[in-house]
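Reading through the C-alpha cells given below for one structure.
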C-alpha cells in the first residue's frame, strides 16, 4: 500500500491546477493519477484558440494552456502516475487503481481531489430511431480522431446540437476539406458561446437551424442521411416539416455529463441539476476530506473558471490537511427562481478561505435584462442587474464575508427577468 | 454599387447585429452598434477580417500522429485555405517545443506557424 497526503484523480486542467496550487500551499506528498498516456486531458484535443483570457490575459490554444501547467509540474515535485485507471474510492479515502505495469495499486490518501471531468451525451441519451450504422460520433470523439489520431471521420457532415464542441468541429471539418451541411439545434437559441457561432459557422457560411432536430438516421452500414424536422414549443417534431439531408457523418453535440462513477462510491451527496457532488465553500463534498473541482463538479463553459475552482479546492484540501475539521456554522445555498443551480451548495462562514466567496450559477433561459438577488431569512443581502444572461454563459458573483455573516438560515439566489423579453 | 453586410460583434456577450453598407472597401453606413469597441471591431471585420488559424501537421514520432499548431498572429481570413494547403505538406520531427516555428511566412502573410505543444520521447 502507498501512503499519500493528497491524491488528485485526473490530470486535465482541474487536476493540474489543483496539484500545482496544493504544492504551492505547502502540501508535500501530492500525486496525480491519470488514465490517459499524457497530461492535459481534453485540452490536448482542443487545438483551437480562445483559452486563457481570464487566467493568462491572452488567447491560447488548448494544448498551450495545458503546457503552461505541465511545464511547471517538474519543479513542483509532484508525482504523476500515467496510464493508470482508478477503479474504486472508499469513503475513508482509500484508492484502488490499475495499470499494465504494476497491476492493482492501493493508495491510502489523507485527502482526495476529484478532477475526472465529464463526457459527452451520446445517441442513446436522445433515443434517435434508426439503424446503428458507422458514421455517428459525438463531436468530442470526432475531435480526438482529427486532432490527435490524425484522420477524418467523414466527408459530408450534419451536426446535431449547437454546443461549443459541435460549433468548433463544424469549422475544423470545413478547414480539413469536408462539407458541413448544417448545425441543428432543438432549442430556439444556440447553446454555444456567441463568438463560436460567429467564428465557426458564419465565417464559413454554415447554416444554424434553430428549433430543429434529427428524427431519423438512414443507412445500414454507413450513415447515408438524416431526416430532420422543425419542433414546436414543446420540442415535439412537426412531421409535416420533415426533410431528408444526405450525409455520411452525424456529429452529436448535445450536452456533457460529469463523470462521477467514482464520486458515487464515496457516498457523497449529489445535486440533481449539476449531476455532480454537493460542495461547501472550499469545494469539499459531504464526504470529509474529499474535494471536487472542474467539470466533474459542474460543466463549465470556460477552462479559466475550472482553473480558479481547482485552485480553490486545493487550498481547501491544504486547509483540511493542516487542521482537520473544526466546528463550523453551515449555511445552505439555494438556487431559486430563474436559476438551474448555484455553487457552492453550502457555506461555512468561519472556514471561508478568503474574505470573499465566489458563487457560480446558470440561468434557466436567456434573458435580456435580469435582476439577481440574494436573500436570506432576514431579507435581501445583495442585488445586481445583469444584461444578456444565457444558460450557456455562466454567471458568477462575489459575496463578502460580512455580507454572508449578516444572512440567517440560508442564502437564496433568485434571477428575475426585467421588462419585456423582446426577440433576439 | 454599394454592398450590404451583416456582422455580429463578438467583443462582449451582447452580440450586437450590425448592418454595414460598403462601397469599394469603404464603409458608407453603419447601424445597430451600441458601443465604440463594437464600432472598431466591425470596421476591422469588414475591411480586413483576420483570424488565428489553428490546425495540425504531421509528426514524425513513434505512437504520435499529429502535432497541434497555430499561426503566431491572426492572418487574413481570405488566406486561411491557402495556409491549410501549405501546411498539408509540413512534417515535424521530435523533439519539438511549444513555440517552435514549423513553417515560416505562411501563405505569404509574414506570419509564422508555431507548435502548440511540446513533444519529446
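Protein chains in written order, with UniProt numbering: chain S, 1 to 424; chain B, 1 to 121.
A virtual CB, placed ideally from N, CA and C, is assigned to each residue, including glycine.
For this session: Starting from the C-beta of residue 119 (chain B), find all residues in its chain whose C-beta is less than 7 Å away, skip the five residues before and the five after it, and write them out in chain order.
Result: Position 119 of the second chain, counted from the first residue, corresponds to residue 119 (chain B). Cβ within range, chain order: 59, 61, 64, 67, 94, 95 and 96.
For this session: Please work out which residues of its chain come closer than 6 Å, Cβ to Cβ, to residue 360 (chain S), disregarding the five sequence neighbours upstream and downstream, and give them in chain order.
Result: Along the first chain, one-based indexing puts residue 360 (chain S) at 360. Beyond the five residues adjoining it in sequence on each side, residue 360 (chain S) comes within less than 6 Å, by CB distance, of 343, 394 and 396 in the same chain, given in chain order.
Exercise. When burial is assigned at 16 or more other CB atoms within 10 Å of the CB, is residue 237 (chain S) buried or exposed?
Worked result: Translated into the one-based positions of the first chain, residue 237 (chain S) becomes position 237. Under the 10 Å beta carbon count, residue 237 (chain S) is surrounded by 16 or more other beta carbons and is classified as buried.
Exercise. Can you name the residues of chain B whose CB is closer than 7 Å to the CB of residue 49 (chain S)?
Worked result: Numbered from its first residue, the first chain carries residue 49 (chain S) at position 49. Near residue 49 (chain S) (Cβ distances below 7 Å), the residues of chain B are 52, 54 and 70.
For this session: Return the CA-CA distance between residue 36 (chain B) and residue 17 (chain B), expressed in angstroms with no decimal places.
Result: Mapped onto the second chain, residue 36 (chain B) falls at position 36. Mapped onto the second chain, residue 17 (chain B) falls at position 17. In this structure, the straight-line span from the alpha carbon of residue 36 (chain B) to that of residue 17 (chain B) is close to 14 Å.
Exercise. How about residue 104 (chain S) and residue 321 (chain S): do their beta carbons lie closer than 8 Å?
Worked result: Residue mapping note: residue 104 (chain S) aligns to position 104 of the first chain, counting from 1. Residue mapping note: residue 321 (chain S) aligns to position 321 of the first chain, counting from 1. No, Cβ-Cβ distance for residue 104 (chain S) and residue 321 (chain S) is not below 8 Å.
Problem set entry | Residue-level contact to chain S via CB, residue 10 (chain B), 8 Å cutoff | If you number the second chain from 1, residue 10 (chain B) lands on position 10. Interface with chain S (8 Å Cβ-Cβ cutoff): residue 10 (chain B) is included.
For this session: Figure out for me which residue from B:45, B:15 and B:14 has the closest Cα to the Cα of residue 27 (chain B).
Result: Locating residue 27 (chain B) in the second chain gives position 27, counting from the first residue. Ranking B:45, B:15 and B:14 by CA distance to the CA of residue 27 (chain B) puts B:45 first.
For this session: Check distances from the C-beta atoms of the segment 76-87 of chain S to those of chain C and list, in chain order, the residues that come in under 7 Å.
Result: Here the protein chains are S and B, and chain C is not one of them.
Exercise. Does the beta carbon of residue 63 (chain S) sit closer than 8 Å to a beta carbon anywhere in chain B?
Worked result: As a working mapping, residue 63 (chain S) is identified with position 63 in the first chain. With 8 Å as the cut-off, residue 63 (chain S) counts as an interface residue toward chain B.
Exercise. Using a beta-carbon distance cut-off of less than 8 Å, what residues from the segment 107-118 of chain B approach chain S?
Worked result: Per Cβ criterion, the list reads 116, 117 and 118.
For this session: Just the C-alpha distance for residue 2 (chain B) and residue 29 (chain B), rounded to the nearest angstrom, thanks.
Result: Locating residue 2 (chain B) in the second chain gives position 2, counting from the first residue. Locating residue 29 (chain B) in the second chain gives position 29, counting from the first residue. Between residue 2 (chain B) and residue 29 (chain B), the C-alpha separation is close to 10 Å.
Problem set entry | Contacts that residue 198 (chain S) makes with chain B (C-beta to C-beta distance below 9 Å) | Position 198 of the first chain, counted from the first residue, corresponds to residue 198 (chain S). Close partners of residue 198 (chain S) in chain B (Cβ separation under 9 Å): 7, 8, 9, 10 and 15.
For this session: Name, please, each residue of chain S whose Cβ falls closer than 8 Å to the Cβ of residue 77 (chain B).
Result: Position 77 of the second chain holds residue 77 (chain B). In chain order: 203.
For this session: Can you give me the start and stop residues for the beta strand (DSSP E) that residue 411 (chain S) sits inside?
Result: Within the first chain, residue 411 (chain S) is the residue found at index 411, counting from 1. Its beta strand (DSSP E) spans residues 410-417.
Problem set entry | residue 47 (chain B) versus residue 151 (chain S): straight-line alpha-carbon distance, rounded | Position 47 of the second chain holds residue 47 (chain B). Position 151 of the first chain holds residue 151 (chain S). Going from the Cα of residue 47 (chain B) to the Cα of residue 151 (chain S) covers about 35 Å.
For this session: For residue 69 (chain B), write down the residues that DSSP places opposite it in a beta bridge.
Result: Position 69 of the second chain, counting from 1, holds the residue named residue 69 (chain B). According to DSSP, which records beta bridges pairwise, residue 69 (chain B) is partnered with B:55 and B:115.
Exercise. Whose C-beta lies closer than 8 Å to the C-beta of residue 339 (chain S) among residues of the same chain, with five residues either side of it excluded?
Worked result: Counting from 1 along the first chain, the entry for residue 339 (chain S) is found at position 339. Here the set comprises 361, 362, 363, 364, 413, 414 and 415.
Problem set entry | Sufficient close CB pairs (3 or more, under 8 Å) joining the segment 131-138 of chain S to the segment 300-319 of chain S | No: the two stretches stay apart, fewer than three of their Cβ pairs being nearer than 8 Å.
For this session: Taking residue 33 (chain S) and residue 84 (chain S) to be in contact with their CB atoms under 8 Å, please state how far apart those CB atoms are, rounded to whole angstroms.
Result: Numbered from 1 along the first chain, position 33 holds the residue referred to as residue 33 (chain S). Numbered from 1 along the first chain, position 84 holds the residue referred to as residue 84 (chain S). By a beta-carbon distance limit of 8 Å, residue 33 (chain S) contacts residue 84 (chain S). Their separation comes to about 5 Å.
For this session: Give the residues of chain S in contact with residue 66 (chain B), contact being defined as C-beta atoms less than 8 Å apart.
Result: Residue 66 (chain B) sits at position 66 when you count from the first residue of the second chain. Result: 147, 148, 149 and 150.
Exercise. Near residue 84 (chain B), which residues of its chain fall below 8 Å by C-beta distance, leaving aside the five closest residues on each side in sequence?
Worked result: For the purposes of this step, residue 84 (chain B) is taken as residue 84 along the second chain, with counting starting at 1. Within its own chain, the residues whose Cβ lies closer than 8 Å to the Cβ of residue 84 (chain B), once the five positions on either side in sequence are excluded, are 53 and 55, listed in chain order.
For this session: Using beta-carbon positions only, say whether residue 268 (chain S) and residue 287 (chain S) come within less than 8 Å of one another.
Result: Looking up residue 268 (chain S) in the first chain gives position 268. Looking up residue 287 (chain S) in the first chain gives position 287. Their beta carbons are under 8 Å apart, which means residue 268 (chain S) touches residue 287 (chain S) by this criterion.
For this session: On a CA-only basis, which of S:346, S:370, S:390 and S:301 is nearest residue 407 (chain S)? Give me that one, please.
Result: The residue given as residue 407 (chain S) occupies position 407 in the first chain. For residue 407 (chain S), the nearest C-alpha among the options comes from S:346.
Problem set entry | Cross-strand partners of residue 29 (chain B) (DSSP beta bridge) | Position 29 of the second chain, counted from the start, is the residue given in the question as residue 29 (chain B). Residue 29 (chain B) has B:21 as its beta-bridge partners, per DSSP.
Exercise. Fully enclosed by the segment 266-331 of chain S, which alpha helix (DSSP H) runs are 4 residues long or longer?
Worked result: Residue ranges of uninterrupted alpha helix (DSSP H) with 4 or more members, entirely inside the segment 266-331 of chain S and ordered along the chain, are 303-323.
For this session: Could you pull the start and end residues of the alpha helix (DSSP H) that residue 3 (chain B) belongs to?
Result: Against the second chain, residue 3 (chain B) aligns to sequence position 3. Under the DSSP assignment, residue 3 (chain B) falls outside any alpha helix (DSSP H), being part of the beta strand (DSSP E) whose first and last residues are 3-8.
Problem set entry | Cβ shell of residue 358 (chain S) (< 6 Å), same chain only, five flanking positions each side left out | The residue you call residue 358 (chain S) lines up with position 358 of the first chain. Excluding residues within five positions, the ones whose Cβ falls inside 6 Å are 396 and 398.
Exercise. How about residue 388 (chain S): is its C-beta nearer than 8 Å to some C-beta of chain B?
Worked result: By 1-based counting over the first chain, the position of residue 388 (chain S) is 388. Closer than 8 Å: yes.
Exercise. What residues in its chain sit with their C-beta under 8 Å from that of residue 6 (chain B), if we drop five residues either side in the sequence?
Worked result: The residue labelled residue 6 (chain B) in the question sits at position 6 within the second chain. The answer, listed in chain order, is 17, 18, 19 and 20.
Problem set entry | Backbone CA spacing between residue 262 (chain S) and residue 171 (chain S) [nearest angstrom] | For the purposes of this step, residue 262 (chain S) is identified with residue 262 of the first chain, where counting begins at 1. For the purposes of this step, residue 171 (chain S) is identified with residue 171 of the first chain, where counting begins at 1. Cα-Cα distance, rounded: 35 Å.
For this session: Let me know the secondary structure DSSP gives residue 369 (chain S) once reduced to three states.
Result: Counting from one through the first chain, the residue named residue 369 (chain S) turns up at place 369. Secondary structure at residue 369 (chain S): strand, using DSSP grouped into helix, strand and coil.
Problem set entry | residue 364 (chain S) in three-state terms, based on DSSP | Stepping through the first chain from its first residue, residue 364 (chain S) is reached at position 364. Residue 364 (chain S) falls in the coil class under three-state DSSP.
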